[in-house]
Every structure is written in C-alpha cells, then in structure tokens.
Amino acid sequence: MSGRTLFEKIWDDHVVTGDDPALLYVDLHLVHEVTSPQAFSGLEQSGRTVRRPDLTLATVDHAIPTTARSLGIRDPQSKKQVDTLRENTEKHQITYFGLDDPRQGIVHVVGPENGYTQPGKVIVCGDSHTSTHGAFGALAFGIGTSEVEHVLATQTLWQKRPKTMAVEFDGPLLPGVTAKDLILGMIAQLGVDGGIGHVIEYRGEAIRALSMEERMTICNMSIEGGARAGMIAPDETTFSYVEGKAQAPKGADWDAAVEYWSQLPSDPDATFDTTHHIDAANLVPHVSWGVNPGQTAPITSAVPDPNLIDDPIERDSVARALKYMDLRPGTPFVEIPVQHVFVGSCTNGRIEDLRRAAQVVAGKKVAAGVSAVVVPGSMQVKAQAEAEGLAEIFESAGFSWREAGCSSCLAMNDDVIPAGERCASTSNRNFEGRQGRGARTHLVSPAMAAAAAVAGHLVDVREWS
Amino acid sequence: MKPVSVVQGTMVPLPRADVDTDQIIPKQFLTRIERTGYGEFLFFDWARTEEGEPSSDFFVHDPKRQGAKVLVAGRNFGCGSSREHAVWAIQDWGFDAVIAPSFGDIFRNNCVNVGLLTVELPDEEVARLQEMAQNPAVVITVDLERQVVEAGDYVVEFDVDPGVKERLLNGLDPIGVTLLEDEAISHFEDTRPAWLTR
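Chains as they are written, first to last, in my numbering: chain P, 34 to 498; chain U, 199 to 396.
Right, dumping it as structure tokens:
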C-alpha cells in the first residue's frame with residue numbers, strides 16, 4: 034500500500050460514517066452575516082438547534098462599513114442582517130466578534146490570528162475563500178447556506194471524495210516576487226477551471242520558504258483556480274505561528290497536538306491524481322487584465338490580442354473581457370492608468386501585506402487623481418499597524434485608513450468603485466461588476482498596488498523607486 | 199425539498215465560459231435575509247442596458263424566453279463565490295435544470311441541496327443543445343430516472359452520482375437523513391483528540 038497524502042490523512046481522521054460520500058466531522062465552523070441568516074431561520078422552522086456552538090465562531094465582515102464604527106451602519110438592510118447575526122449568536126450561544134469587538138475582522142483573518150485555525154482540522158464556512166485556512170495543513174472549504182444549516186444542526190457534512198492534485202513550485206523566488214504573484218501565475222497557467230473537483234497541495238522549495246501569511250495568500254486563491262480546497266503541509270513555520278495564540282493548545286495538549294500535526298505531511302511515496310509544475314524561479318510580478326483571475330499575465334508584457342487565439346470560446350471570452358475592461362491589444366501593462374487603489378481583503382489584508390505596501394509608499398505621495406484606501410483585514414491587524422507606525426505612513430502619503438472588513442473586494446458596503454474607473458486591487462476577484470457596476474479591477478500584490486497609487490498607473494515594482 | 203424526476207420545457211442558451219456567481223446574482227442583493235424573491239435580480243447587470251433599464255436583448259427580460267425551464271450554459275458555470283443566492287435566483291426565475299460541460303464545485307453542491315438539477319454533458323453535446331436552443335419554442339426533456347436528455351430526435355445519456363440521484367428523486371431532507379446517524383456522530387465526538395475538546 035502506498036503512503037497517504039496530507040489531504041487523505043485529514044479526510045480519514047474525520048470520517049464519521051460512509052465511504053463516498055462520507056459523513057465528515059467539522060472541527061471549526063466559521064459564520065458571517067451574509068450567508069447565515071437563512072440557515073438559522075431554516076433551523077428554527079424545523080425545530081432544530083445548533084449542535085456544537087463551542088465549535089462555531091461568528092463575526093461580521095462582508096457588508097459592514099469601514100468608516101468610523103461610531104457612525105454605525107447606514108444601510109438599513111445591512112444593519113438588519115448584522116442585527117440578525119447578533120441575535121442568532123445570542124440565542125444559540127455562539128462566540129460572536131461583533132462590530133465593536135477588538136477581535137472583529139474578515140473571517141479568514143480572524144480564525145488564524147486567534148488560533149482557531151490549526152493543522153489537521155476540517156474547517157468550513159459559507160464563503161468560498163475558506164480555502165485560506167488550508168495554509169495551516171487543514172482541510173478547509175467553502176459551503177453554501179443549506180450546508181451551513183446542515184453543519185449548524187449536525188456538525189457534519191456529506192462529502193464526495195475530491196481528487197488530489199500536487200502543484201510543485203520549483204526553485205526559489207526572484208527578488209520582488211511575492212506569494213500573490215505565485216498564485217496569479219499558477220492560475221494563469223492552469224486556468225480558472227483547472228482545479229475543479231480537486232484539492233490542491235502546494236509544494237516545493239518556493240512554498241516551504243513562505244511565511245504563514247504568504248501561505249494564506251496562496252491557499253486563499255485556490256478557489257480562483259476552481260479547486261475545492263488548497264493545502265500546505267504544516268512545518269516549524271506553522272507551529273511557531275500557532276503557538277501562543279489565544280485558542281492554541283497549551284501545555285501537554287500542545288505537545289500532543291504538535292506530535293499529531295508532525296505526521297500529517299504527505300508520505301514520500303504518496304501519489305496524487307494529477308501533478309503540475311510551476312517554474313517559480315522564473316516567475317515575475319503578475320497583473321490581471323481581464324474579468325477572471327485566469328486572465329492574468331506578467332507585468333512586463335502587454336494586453337493580449339483576441340484575434341491571435343484559435344479556440345472560438347476562448348477568443349470570445351478574451352474579446353468580451355477587453356471590451357468590459359476598455360483595453361486595447363498590445364498596450365503595455367505598465368502604461369495602464371488607475372484611479373483607485375485598494376489594499377486589503379482576506380487575500381492581502383494582513384500585517385505583512387500592510388508592511389510591504391507601507392515600505393513602497395514611505396515618504397511618497399499618492400498621485401493626483403488617485404483615490405487610495407487601506408482596509409486592514411481585522412481590528413487586530415489595524416491596531417498592530419498603528420502601533421508599528423504604518424497607519425501614519427499611509428495617511429501622510431494620502432491613503433485613507435479604514436476600519437476592518439471585506440470592503441471594496443466585493444463592494445457590498447459603500448466602498449464602491451465607480452463605473453468606468455480602474456482599480457489596482459490586492460483582492461482576489463476581477464469579475465465584472467465585482468467592485469462596482471462597470472468598475473475595472475486589476476489584481477496585484479500589495480507592493481504593486483502601493484506603487485500604482487504613487488505612480489498613477491500600473492508599474493513593475495522591481496524597477497520602481 | 200420537492201422531489202425532482204423529469205424536467206420538461208423550453209431552453210435558454212448561454213454560450214459563455216466561466217460565468218461566475220457574481221454575474222448570476224450581484225452582491226447588492228445579498229443583504230436580504232429571506233430565501234426567496236431573487237428571480238427578478240437574476241443576471242442583473244447583463245439583463246440591463248448601460249443606463250440600467252431592463253433589456254429584452256438578454257433572456258431574463260426577453261418575452262420569447264419567459265417560462266423556459268432549462269438553462270444551457272458554458273463550461274465552469276457558477277464558479278467563484280459560494281453564494282447560494284445564485285441558485286435561488288436561477289430557480290426563482292423559473293429554471294428547473296442547468297446543462298453545462300462543467301460546473302463550479304460549490305455551485306453544484308448548492309444545486310443538489312435545493313433541488314435544481316445539474317446535468318454535465320461533453321462540450322459538443324452542449325454546443326448542439328445551444329444551437330437547438332436558439333429556437334425559443336424547442337422543448338427539451340431531462341429525465342433523471344432514465345438519465346437521458348431528449349429533444350425531438352436528439353437523445354443523449356448523462357452520468358449522475360447515485361447518491362445525488364437518490365436524494366433528488368426522493369426529495370430527501372439531508373439534515374433529517376444525517377440526524378439518523380446521531381449515535382455515530384456522538385461516538386466520533388468521544389474519540390476526538392483532547393486538544394480539540396477543551
């Protein structure tokens with residue numbers, strides 16, 4: 034018998050009953066305001082209750098304002114949604130990091146920074162970017178509202194066994210190339226549907242060298258490659274990040290947990306259904322030019338020409354994307370002007386992301402005509418950034434410094450990019466209308482976004498000072 | 199959940215790849231706390247002119263397409279966000295089935311949970327159906343029990359997961375089914391490692 038992969042070990046250790054589908058036990062259920070109200074009301078209608086409130090954690094992030102908390106929520110429907118979550122968590126005794134809680138933040142930032150996210154766990158949330166938590170060597174995936182209700186009621190989920198995919202990032206990264214560029218480069222290569230039906234394990238020299246926050250950026254965008262989940266084997270980097278966090282195991286529990294976590298990495302003779310190699314050593318910073326994250330290219334190149342594409346469906350989708358994005362084939366990316374810059378989101382709203390962006394803007398000014406915003410991923414990230422002096426750097430450069438939330442990543446609140454305007458964004462999706470009806474998104478790393486804010490157009494941050 | 203066995207009606211072709219759930223239901227409709235009433239927001243931006251008026255150029259407001267039951271879509275349909283609102287909107291508008299070469303994983307699971315039938319067919323079969331669907335009067339039958347799609351002389355078989363088929367045909371309440379496993383779940387909980395239980 035051949036060895037088992039990281040995914041297979043976690044799967045096997047969570048099967049309550051059944052084979053395919055198997056009934057999987059959920060160790061951590063994260064809940065937010067947008068995908069949970071119908072699940073709680075469904076429970077109520079059928080006279081059911083929450084099985085394990087102690088394994089459930091709720092916060093608000095998607096639709097809340099990022100202006101001063103004292104101003105409250107202006108939109109009555111969003112306010113009702115947030116109030117509904119608060120009432121539901123009170124009724125069912127679920128831990129809730131509300132708008133006034135210093136631990137509030139984007140659910141995928143909050144879980145890791147408070148130690149809820151740990152290796153070996155099965156983690157679900159009514160949000161596709163739940164894949165973020167796979168960075169710890171957890172099996173973490175997004176679910177719909179019906180499944181949220183199912184997990185609330187049973188703490189389990191029926192799951193078909195996904196296929197396994199290894200993505201090997203060969204070689205060390207070039208200077209100035211970040212985790213965001215790695216994952217954008219991978220999606221450009223494998224396509225937005227390359228991972229359908231698979232759980233990806235990210236491997237190789239470039240991955241091992243990444244910090245936990247960089248690993249989260251990678252796993253976060255697994256869904257953008259179509260994958261069910263993304264994972265990275267736990268190692269010393271993982272353990273030292275988790276150790277000491279509020280919810281991390283302590284004392285003898287810690288030792289037992291580390292012993293268990295240490296045997297989770299895929300066995301040397303484990304096999305994957307599919308393996309891909311990415312030449313990480315030659316990867317350069319990437320930028321998206323279209324309306325899905327696969328429509329991405331090196332910043333050193335230019336807008337593609339649909340007429341040079343043979344496949345009719347592909348040609349049509351590139352032509353449609355360029356029309357929406359108002360881009361002409363052959364235009365070098367570094368000549369594309371931007372009117373907005375957004376630094377934040379569950380992809381790139383953590384302290385290391387803010388440090389990288391701040392390093393680029395320190396002592397400089399945001400270009401005339403550019404509106405630049407930093408939205409920390411959580412209130413803890415915000416407090417730390419303020420303590421480190423980053424907020425001051427951003428504000429003196431002309432950035433707006435906000436309260437934590439999802440903000441312009443999906444623009445459910447007032448942080449909407451106007452129609453026809455262009456935004457260099459550290460978020461994860463450049464879908465049509467995502468940041469506002471008619472708004473045009475270019476996905477980039479935090480350093481690239483910060484540099485674009487100062488230059489007023491997209492730039493290759495490696496050649497920029 | 200209502201049982202699903204045969205879907206019969208006219209088709210709407212949507213020959214675009216990678217249609218994401220942000221297009222199916224844009225975010226401004228996700229602050230509602232109800233589970234119904236999303237049909238009028240389906241493909242909200244695509245179904246409007248640049249001025250924001252409903253447009254009959256897109257099927258949602260096209261009088262010839264009203265009452266259609268089957269959406270024939272492109273590959274990777276329903277990718278992106280996990281919002282189940284996308285499935286609710288498709289169902290509320292009137293569709294009972296979606297046919298495509300492939301689907302986003304979360305979207306497909308959401309469909310099973312609300313009884314919207316998804317049928318995966320090879321690219322060339324979907325292309326043929328999209329061609330037939332240009333005529334808004336052509337009627338198609340999707341038979342889950344027999345696992346066939348039929349339209350006039352055209353017949354094609356499809357695969358479906360046996361568990362999914364059983365759930366859809368019987369309209370089973372998945373939570374009710376799982377609660378029958380209560381003893382197994384409690385037993386599993388007793389065996390979880392100590393550091394996960396404190």
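Here a beta-carbon is modelled for each residue, glycine too, at the ideal position from N, C-alpha and C.
Residue i touches chain B at which residues, Cβ-Cβ below 8 Å?
i: residue 58 of chain P; result: Note that chain B does not occur in the displayed structure, where the protein chains are P and U.
Less than 8 Å between the CB atoms is what I'm expecting for residue i and residue j, so what's the real figure, rounded?
i: residue 398 of chain P; j: residue 437 of chain P; result: Going by Cβ atoms, the distance from residue 398 of chain P to residue 437 of chain P rounds to 25 Å, so no, they are not a contact pair.
i: residue 324 of chain P; j: residue 464 of chain P; result: 6 Å
i: residue 318 of chain P; j: residue 338 of chain P; result: Going by Cβ atoms, the distance from residue 318 of chain P to residue 338 of chain P rounds to 22 Å, so no, they are not a contact pair.
i: residue 255 of chain P; j: residue 229 of chain U; result: The Cβ separation is near 27 Å, so there is no contact.
i: residue 331 of chain P; j: residue 225 of chain P; result: In fact, because the Cβ distance is near 18 Å, the residues do not count as touching under 8 Å.
i: residue 388 of chain P; j: residue 443 of chain P; result: Contact doesn't hold; Cβ gap of about 25 Å is too wide.
i: residue 320 of chain P; j: residue 151 of chain P; result: The pair is not a contact, with the Cβ atoms about 34 Å apart (cut-off 8 Å).
i: residue 477 of chain P; j: residue 316 of chain P; result: No, residue 477 of chain P and residue 316 of chain P are not in contact; Cβ-Cβ is about 14 Å, not under 8 Å.
i: residue 118 of chain P; j: residue 93 of chain P; result: 6 Å
i: residue 67 of chain P; j: residue 188 of chain P; result: With 8 Å as the limit, residue 67 of chain P and residue 188 of chain P do not qualify as a contact, their Cβ atoms being about 22 Å apart.
i: residue 311 of chain U; j: residue 51 of chain P; result: The Cβ separation is near 17 Å, so there is no contact.
i: residue 382 of chain P; j: residue 414 of chain P; result: 7 Å
i: residue 263 of chain P; j: residue 223 of chain P; result: 12 Å between Cβ atoms; not a contact.
i: residue 298 of chain U; j: residue 271 of chain U; result: 4 Å
i: residue 200 of chain U; j: residue 369 of chain U; result: 5 Å
Rank the options by C-alpha distance to the C-alpha of residue i and give the top, closest one.
i: residue 233 of chain P; options: P/221, P/214, P/246 and P/253; result: P/253
i: residue 199 of chain P; options: P/178, P/125 and P/227; result: P/227
i: residue 312 of chain P; options: P/454, P/217 and P/148; result: P/217
i: residue 61 of chain P; options: P/121, P/140, P/133 and P/99; result: P/140
i: residue 266 of chain U; options: U/335, U/244, U/286 and U/216; result: U/335
i: residue 319 of chain U; options: U/241, U/355 and U/363; result: U/355
i: residue 359 of chain U; options: U/384, U/317 and U/250; result: U/317
i: residue 155 of chain P; options: P/93, P/326 and P/192; result: P/192
i: residue 493 of chain P; options: P/413, P/367 and P/475; result: P/367
i: residue 90 of chain P; options: P/75, P/157, P/421 and P/104; result: P/157
i: residue 351 of chain U; options: U/201, U/343, U/339 and U/357; result: U/339
i: residue 380 of chain P; options: P/344, P/342, P/461 and P/370; result: P/461
i: residue 468 of chain P; options: P/451, P/351, P/346 and P/86; result: P/451
i: residue 81 of chain P; options: P/235, P/295, P/65 and P/124; result: P/124
Could you check if residue i belongs to the surroundings of the ligand ATP, using beta carbon to heavy atom distance under 7 Å?
i: residue 272 of chain P; result: Summarising the ligand content, the structure contains no ligands, and the ligand ATP is consequently not present.
Between the alpha carbons of residue i and residue j, how many angstroms are there, rounded?
i: residue 232 of chain U; j: residue 79 of chain P; result: 16 Å
i: residue 172 of chain P; j: residue 260 of chain U; result: 44 Å
i: residue 220 of chain U; j: residue 283 of chain P; result: 42 Å
i: residue 428 of chain P; j: residue 226 of chain U; result: 30 Å
i: residue 288 of chain P; j: residue 387 of chain U; result: 21 Å
i: residue 73 of chain P; j: residue 182 of chain P; result: 7 Å
i: residue 202 of chain P; j: residue 40 of chain P; result: 18 Å
i: residue 499 of chain P; j: residue 132 of chain P; result: Lying before the first or after the last residue shown, residue 499 of chain P is absent from chain P, which here runs from 34 to 498.
i: residue 69 of chain P; j: residue 127 of chain P; result: 13 Å
i: residue 230 of chain P; j: residue 37 of chain P; result: 19 Å
i: residue 35 of chain P; j: residue 302 of chain P; result: 6 Å
i: residue 142 of chain P; j: residue 332 of chain U; result: 47 Å
i: residue 315 of chain U; j: residue 238 of chain U; result: 20 Å
i: residue 385 of chain U; j: residue 48 of chain P; result: 12 Å
i: residue 418 of chain P; j: residue 384 of chain P; result: 7 Å
i: residue 137 of chain P; j: residue 120 of chain P; result: 17 Å
i: residue 313 of chain U; j: residue 224 of chain U; result: 22 Å
i: residue 281 of chain P; j: residue 212 of chain P; result: 26 Å
i: residue 433 of chain P; j: residue 300 of chain U; result: 42 Å
i: residue 103 of chain P; j: residue 470 of chain P; result: 29 Å
i: residue 145 of chain P; j: residue 246 of chain P; result: 9 Å
i: residue 382 of chain U; j: residue 376 of chain U; result: 10 Å
i: residue 122 of chain P; j: residue 63 of chain P; result: 12 Å
i: residue 257 of chain U; j: residue 263 of chain U; result: 6 Å
i: residue 401 of chain P; j: residue 491 of chain P; result: 15 Å
i: residue 466 of chain P; j: residue 372 of chain U; result: 34 Å
| field | the region 197 to 214 of chain P in contact with the region 236 to 246 of chain P per 3-pair CB rule at 8 Å | value | yes
| message | Could you check whether the region 303 to 310 of chain U touches the region 268 to 277 of chain U, counting it as contact only if at least three pairs of C-beta atoms, one from each stretch, sit closer than 8 Å? | response | yes
| Complete runs of the beta strand (DSSP E) confined to the region 457 to 495 of chain P [at least 3 residues] | 473 to 476
| Touch test, the region 288 to 295 of chain U against the region 261 to 271 of chain P, Cβ-Cβ under 8 Å, three pairs minimum | no
| request: Pick out the complete beta strand (DSSP E) segments inside the region 148 to 232 of chain P, 3 residues or longer, and give them in chain order. | output: If we require 3 residues or more, the beta strand (DSSP E) runs fully inside the region 148 to 232 of chain P come out as 155 to 158, 172 to 175, 189 to 192 and 196 to 203.
| task | Indicate whether the contact test is met: 3 or more Cβ pairs, each with one atom in the region 48 to 62 of chain P and one in the region 402 to 410 of chain P, closer than 8 Å. | result | no
| query | Are the region 362 to 379 of chain P and the region 447 to 457 of chain P touching, with three or more C-beta to C-beta distances below 8 Å? | reply | Between the region 362 to 379 of chain P and the region 447 to 457 of chain P, the count of Cβ pairs shorter than 8 Å is three or higher; the stretches touch.
| message | Check whether the region 323 to 340 of chain U and the region 207 to 214 of chain U are in contact - that is, three or more C-beta pairs closer than 8 Å. | response | yes
| request: Would you be able to state if there are at least three C-beta pairs under 8 Å between the region 381 to 393 of chain P and the region 479 to 489 of chain P? | output: Cβ pair count under 8 Å is three or more, so yes.
| field | Segment contact flag, the region 282 to 291 of chain U with the region 238 to 251 of chain U, C-beta cutoff 8 Å, min 3 pairs | value | yes
| request: Only counting runs of 3 or more residues, tell me where the beta strand (DSSP E) segments fall wholly within the region 262 to 306 of chain P, in order along the chain. | output: 262 to 264
| request: Ignoring anything shorter than 3 residues or poking outside the region 315 to 349 of chain U, list the beta strand (DSSP E) runs there in chain order. | output: 315 to 318, 337 to 341 and 346 to 349
| Enumerated in chain order, which unbroken segments of the alpha helix (DSSP H) with a length of 4 residues or greater are wholly contained in the region 394 to 436 of chain P? | 412 to 420 and 423 to 430
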